[in-house]
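Read the structure below first, then the notes.
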Amino acid sequence: MTNDASFEVIEPEQPGVPVLNVRGEIDVSTSPNLQEALAELISRPPRLWMVNMVDVSFIDSTGLGVLVGAVRDMRAAGGDLRLVVTQPHILKLLELTGLDKVFEIVSDAVTA
Amino acid sequence: VVRATVCDVSSAALAGPPPSERLFRHEAFLYAGEGEFLEGTTAFIRDAVAGAEPILVVVSAHKIDLLRQRLNSDAGRVRFADMDDVGSNPARIIPAWADFVSEHGERPLRGIGEPIWAERSPAELVECQRHEALLNVAFAESAGFNLMCPYDTAALGPDVVAEALHSHPFVRADDVKWTSPEYLGIDKLAQPFSTPLPEPPASCTNLLFRAESLRGLRSLVLREATSAGMDDARAADTVTAVHEVASNSLRHAGGWGVLRVWRTEDSLIYDVSDDGHIDEPLVGRRRPAVRDQGGRGLWMVNQLCELVQVRSTPTGTTVRMHLRLKPGH
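Protein sequences, first through last, are from chains C and D.
To convert, note that position 2 of the first sequence is 2 in the working numbering; the numbers rise steadily by one, no gaps.
Take any residue in the second sequence, count from 1 to its spot, add 1000: that is its number in the working numbering.
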């Protein structure tokens, strides 16, 4: 099966917030890949990460569940995750599920 | 195959005391016309105000206006919500009551909720009746919650009133109160809902899907939505809803499902069937706790669709989603 999602870690050149770029469709079949990518960040020394989702075209409840689990583990380890989301339909899902109160959501990975 | 086990109805609730001893008082109020509605609801509200009990009234905007005028200064002690906003999809009403109940803890509380009116479509009506039945399950252990459900006998058919006596342990009309001998009881009402749905039209679009075809399913859902005239936002919501239901078929049933799509006068219908079984009566009607990793799928579906009909028998499950093509009434 083709992998419909990709993940890329961007370390800042100057001191700043590192970014996980997430692209594509996050559903039942690609959520495990998102989970792996986030677990890898959680295994590093704790810090704040931006999860850049502006190039995510679709996310389902499985993907949202992975994000919730990851932010819990990351906070327990002393770090945090911040989401970069601009797509209205994804913002709406975060709001409907109350996750807009769990995550800090910003619209730009650079200025955040 | 069993799916969704988030049920927290304890066996004690299912095998509890007879209705008259229950702490949750779910009462049908039979009235004929606006005058009787105002008499009965105003008295109920004034009792709440006199006893300093919080009260939430969820009825039509028109009735809210009438009640505000009638109650004068007491109206300030009452919280109102428009049933058209809260309960256009009746599966969204239990979460609204649950929010109200959890806000006030164990203290005595009152509610008035009128989800059924004559203009409801047949599909909406049957889901409202399911909602009324499930209220008994959802609030079985809500101590001191007193919920009155007005039924306009002058406008509703006798079959609708008869059904209200099945789903409400208590009844009142004029100044007379009685316990309903026709009340079916919580065990029966918590059973999976198996009342058959109307057959899909022969001309509907069919898709047999498996795990590897979910992307294809989403494309089909999107194509049907845009060709029916939905804008991008609405089409994206539709794709999410149908995808969630289809993924449930893959995760919790036999790994396949059938999607059928057709159009009615005012809606686009997506119907997903599989060989699974849903034994959790309140699935999709409990606001997911934000830290839960699961339990969001059918919740999201209920928030995104105007009507969701869930039917489950030992041999299979159908979830039929109605997406109105011109949102709003």
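Built from N, CA and C at the ideal position, the CB exists for glycine as well.
As the structure is a computational prediction, the values presented were derived from the model and not from experiment.
Handout entry: Local Cβ density within 10 Å of W1178 (chain D), reported as buried at 16 or more and exposed below that
Key = The residue you call residue 1178 (chain D) lines up with position 178 of the second sequence. Exposed is the call here.
Exercise for the section: Using three-state DSSP, classify A1190 (chain D) as helix, strand or coil. Expected result: Translated into positions along the second sequence, residue 1190 (chain D) becomes position 190. Coil at A1190 (chain D), not helix or strand.
Handout entry: Coarse secondary structure for T1238 (chain D), derived from DSSP in three states
Key = The residue given as residue 1238 (chain D) occupies position 238 in the second sequence. The answer is helix: DSSP assigns T1238 (chain D) an H, G or I state.
Practice task
Could you list the residues in the segment 1203-1231 of chain D with a C-beta less than 8 Å from some C-beta on chain C, going in chain order?
Solution key: Cβ contacts with chain C: A1211, E1212, L1214, R1215, R1218.
Exercise for the section: Count the other C-beta atoms from every protein chain shown that fall within 10 angstroms of the C-beta of A1043 (chain D), then say buried if there are 16 or more, exposed otherwise. Expected result: Counted from its first residue, the second sequence places residue 1043 (chain D) at position 43. Result: exposed.
Exercise for the section: Report yes or no: is there a C-beta of chain C within less than 8 Å of the C-beta of Q1303 (chain D)? Expected result: Within the second sequence, the letter at position 303 stands for residue 1303 (chain D). Chain C, which has a Cβ nearer than 8 Å to the Cβ of Q1303 (chain D), makes this yes.
Problem - Any C-beta of chain D under 8 Å from that of V22 (chain C) - result: As a first step, residue 22 (chain C) must be located in the first sequence, where it is residue number 22. So, not an interface residue.
Problem - is_contact[D1237 (chain D), chain C] using C-beta, thresh 8 Å - result: Position 237 of the second sequence, counted from the start, is the residue given in the question as residue 1237 (chain D). D1237 (chain D) counts as touching chain C.
Handout entry: Span of the beta strand (DSSP E) around K1177 (chain D)
Key = As a working mapping, residue 1177 (chain D) is identified with position 177 in the second sequence. DSSP places K1177 (chain D) in the uninterrupted beta strand (DSSP E) bounded by 1176-1179.
Handout entry: Pick from D:S1180, D:W1262, D:R1251 that is closest to L1220 (chain D), judged by C-alpha positions
Key = For the purposes of this step, residue 1220 (chain D) is taken as the residue at position 220 of the second sequence. Nearest of D:S1180, D:W1262, D:R1251 to L1220 (chain D), Cα basis: D:W1262.
Problem - Contacting positions in the segment 23-44 of chain C - beta carbon closer than 8 Å to chain D - result: Across the segment 23-44 of chain C, CB contacts with chain D closer than 8 Å involve E25, D27, V28, S29, in sequence order along the chain.
Practice task
Compute the minimum distance between the beta carbon of T1318 (chain D) and the heavy atoms of the ligand ZN, and state whether it is under 7 Å.
Solution key: Because no ligand of any kind appears in the structure shown, any question about the ligand ZN cannot be addressed here.
Practice task
Specify, as a first and last residue, the run of the beta strand (DSSP E) that H1026 (chain D) falls within.
Solution key: Counting from one through the second sequence, the residue named residue 1026 (chain D) turns up at place 26. Residues 1025-1031.
Exercise for the section: Taking the CB atoms as reference points, tell me whether R1251 (chain D) and V106 (chain C) lie closer together than 8 Å. Expected result: Working through the second sequence from its first residue, we reach residue 1251 (chain D) at position 251. Working through the first sequence from its first residue, we reach residue 106 (chain C) at position 106. No. Outside cutoff.
Problem - Sequence-distant residues of the same chain with beta carbon closer than 8 Å to A1225 (chain D), five excluded per side - result: The sequence position of residue 1225 (chain D) within the second sequence is 225, counting from 1. Excluding the 5 residues flanking it on each side, A1225 (chain D) has same chain C-beta neighbours closer than 8 Å at R1234, A1235, T1238, V1239, L1268, L1323, in chain order.
Handout entry: For D4 (chain C), the nearest candidate out of C:A76, C:I26, C:S61, C:D60 (CA to CA)
Key = Counting from 1 along the first sequence, the entry for residue 4 (chain C) is found at position 4. Scanning C:A76, C:I26, C:S61, C:D60 for the CA closest to the CA of D4 (chain C) turns up C:I26.
Exercise for the section: Scan the segment 1243-1260 of chain D for residues whose Cβ lies nearer than 9 Å to a Cβ of chain C and list them as they occur along the chain. Expected result: Result list: H1243, E1244, S1247, L1250, R1251.
Practice task
Establish whether the CB of Q1191 (chain D) and some CB of chain C are separated by less than 8 Å.
Solution key: Within the second sequence, the letter at position 191 stands for residue 1191 (chain D). Cβ-Cβ to chain C under 8 Å: no for Q1191 (chain D).
Handout entry: Endpoints, the alpha helix (DSSP H) within which F1209 (chain D) is located
Key = Numbered from 1 along the second sequence, position 209 holds the residue referred to as residue 1209 (chain D). It is not in any alpha helix (DSSP H) - F1209 (chain D) instead sits in the beta strand (DSSP E) that spans 1205-1210.
Problem - Secondary structure of R1251 (chain D), DSSP reduced to three states - result: Taking the first residue of the second sequence as position 1, residue 1251 (chain D) is located at position 251. Here R1251 (chain D) sits in helix by DSSP.
Exercise for the section: Please state if the CB of L93 (chain C) and the CB of M1230 (chain D) are separated by a distance shorter than 8 Å. Expected result: Position 230 of the second sequence, counting from 1, holds the residue named residue 1230 (chain D). Position 93 of the first sequence, counting from 1, holds the residue named residue 93 (chain C). Their beta carbons are not under 8 Å apart, which means M1230 (chain D) does not touch L93 (chain C) by this criterion.
Exercise for the section: With a 10 Å radius around its C-beta and 16 neighbouring C-beta atoms as the bar for buried, classify H1026 (chain D) as buried or exposed. Expected result: As a position in the second sequence, residue 1026 (chain D) is number 26, starting the count at 1. Under this definition H1026 (chain D) is a buried residue.
Problem - Which listed residue (C:L99, C:R72, C:G79) has its alpha carbon closest to that of V85 (chain C) - result: Position 85 of the first sequence holds residue 85 (chain C). Ranking the options by Cα distance to V85 (chain C), first place goes to C:L99.
Exercise for the section: Would you mind working out which of C:D108, C:V66, C:V110, C:A76 sits nearest P45 (chain C), comparing C-alpha positions? Expected result: Residue 45 (chain C) sits at position 45 when you count from the first residue of the first sequence. Among C:D108, C:V66, C:V110, C:A76, the Cα nearest to that of P45 (chain C) is on C:A76.
Practice task
Show which residues of chain C have a CB atom less than 8 Å away from the CB atom of T1240 (chain D).
Solution key: In the second sequence, counting from the first residue as 1, residue 1240 (chain D) sits at position 240. Residues of chain C passing the Cβ test: F58, D60, H89, L93.
Handout entry: Partners in chain D for V102 (chain C), counting only beta-carbon separations shorter than 7 Å
Key = Counting from one through the first sequence, the residue named residue 102 (chain C) turns up at place 102. Those are V1290, listed as they occur along chain D.
Practice task
Compare the Cα-Cα distances from L1067 (chain D) to each of D:D1275, D:G1040, D:Q1293, D:P1090 and report the closest residue.
Solution key: Reading the second sequence from its first residue, position 67 is the one you call residue 1067 (chain D). Nearest to L1067 (chain D) by alpha-carbon distance, out of D:D1275, D:G1040, D:Q1293, D:P1090, is D:G1040.
Exercise for the section: Could you name the residues that DSSP lists as bridge partners for P1150 (chain D)? Expected result: Translated into positions along the second sequence, residue 1150 (chain D) becomes position 150. As computed with DSSP, P1150 (chain D) is found in a beta bridge with D:F1029.
Problem - CA-to-CA distance, S1060 (chain D) to S1020 (chain D), given in whole angstroms - result: Position 20 of the second sequence, counted from the start, is the residue given in the question as residue 1020 (chain D). Position 60 of the second sequence, counted from the start, is the residue given in the question as residue 1060 (chain D). Residue confidence for S1020 (chain D) is low, a pLDDT of 43 falling below 50, so the modelled location carries little weight; the figure read from the coordinates is stated next. Whole-angstrom Cα-Cα distance: 30 Å.
Problem - Bounding residues of the beta strand (DSSP E) (the contiguous stretch that carries F1170 (chain D)) - result: Within the second sequence, the letter at position 170 stands for residue 1170 (chain D). Its beta strand (DSSP E) spans residues 1170-1173.
Exercise for the section: Check the DSSP bridge columns for E104 (chain C) and list the partner residues they point to. Expected result: Residue 104 (chain C) sits at position 104 when you count from the first residue of the first sequence. Answer is C:R82, bridged to E104 (chain C).
Problem - Anticipated Cβ contact below 8 Å, R1296 (chain D) with P1095 (chain D), distance rounded - result: Stepping through the second sequence from its first residue, residue 1296 (chain D) is reached at position 296. Stepping through the second sequence from its first residue, residue 1095 (chain D) is reached at position 95. With a Cβ gap of about 13 Å, R1296 (chain D) and P1095 (chain D) do not count as contacting.
Handout entry: Per-residue contacts from T97 (chain C) into chain D (C-beta, under 8 Å)
Key = Reading the first sequence from its first residue, position 97 is the one you call residue 97 (chain C). When 8 Å is used as the limit between beta carbons, T97 (chain C) is near these residues of chain D: P1288, V1290, R1296, W1299, M1300, in chain order.
Practice task
Go ahead and pull the three-state DSSP assignment for R1022 (chain D).
Solution key: In the second sequence, the residue the question calls residue 1022 (chain D) occupies position 22. Low confidence applies to R1022 (chain D): its pLDDT is 45, below 50, so where it sits in the model is not reliable, and the reading given next is rough at best. Correct three-state label for R1022 (chain D): coil.
Handout entry: Interfacial residues, the segment 1092-1117 of chain D to chain C, with Cβ spacing under 9 Å
Key = Under the 9 Å Cβ criterion, the segment 1092-1117 of chain D contributes no residue.
Handout entry: Span of the alpha helix (DSSP H), counted from its first residue to its last, around T62 (chain C)
Key = As a working mapping, residue 62 (chain C) is identified with position 62 in the first sequence. Note, T62 (chain C): alpha helix (DSSP H), 61-76.
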